[in-house]
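As structure tokens, the structure follows; a few thoughts come after it.
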Amino acid sequence: KNKHSLNITVTNFKNTKGSLRVCITDQKNNFLKECLFSQIVSIENDTVSLSFENLKNGTYAVSVYHDENNNGILETSGIFGFPSEPFGFSKNPSVRFGPPSFKKSAVIVNIDKNITIKLN
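Using my numbering, you'd call the opening residue of the sequence shown number 1 and step up by one each time.
Dropping the structure here:
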């Protein structure tokens, strides 16, 4: 079987305003710039579950953010442009010094896989 599901649980929502935006990429140079696949999901409580089906065997990275004002843009603030809306990545890497590399967020999908992303 060459196609698999990536089941994603996103936790740590502070409110149910707006929507969750989810982006999955499979190429280092597109990470955090374009999505191979994306979803916009409504938020019912402090946890959201979603799936990407029929993914080819490969290495993927997932980025998410809670678009509280539903404008399709990750809001940032301050001189360093740190996100002011909750966000997260597959494998939950440290984001203290900026966004992670593709490698730090990369998940190998060669079986159906379940991952959890905690919002920062």
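Idealized CB from N, CA, C, for every residue including glycine.
Notebook entry, point to check: Are there three or more Cβ pairs, one per stretch, closer than 8 Å when the stretch 66-78 is compared with the stretch 93-100?
Noted result: no
Checklist line | Assumed close pair valine 109, asparagine 57 - CB separation to whole angstroms, cut-off 8 Å | finding: 7 Å
Notebook entry, point to check: From Leu32, Pro86, Thr116, Pro100, pick the residue whose C-alpha is nearest to that of leucine 20; which is it?
Noted result: Pro86
Next item on the list: In the DSSP assignment, find the beta strand (DSSP E) that holds serine 105 and state where it starts and stops.
Entry: Counting along the chain, serine 105 falls outside any beta strand (DSSP E), though it belongs to the alpha helix (DSSP H) covering 102-105.
Checklist line | Beta carbon of leucine 119 nearer than 7 Å to that of glycine 78 | finding: no
Item checked: aspartate 26 versus valine 62 - alpha carbon distance -> 9 Å
Item checked: Residue span of the beta strand (DSSP E) that contains asparagine 7, given as start and end -> 3-11
Next item on the list: Return helix, strand or coil for lysine 91, following the three-state DSSP convention.
Entry: coil
Item checked: Of the residues Thr11, Ser105, Asn70, the one placed nearest aspartate 46, counting alpha carbons only -> Thr11
Checklist line | Sheet register partners of lysine 113 (DSSP bridge) | finding: Leu6
Next item on the list: Compute the beta-carbon to beta-carbon distance between serine 51 and serine 5, rounded to the nearest angstrom, for a pair I have assumed lies under 8 Å.
Entry: 5 Å
Next item on the list: Give the straight-line distance between the Cα atoms of phenylalanine 31 and isoleucine 117, rounded to the nearest whole angstrom.
Entry: 17 Å
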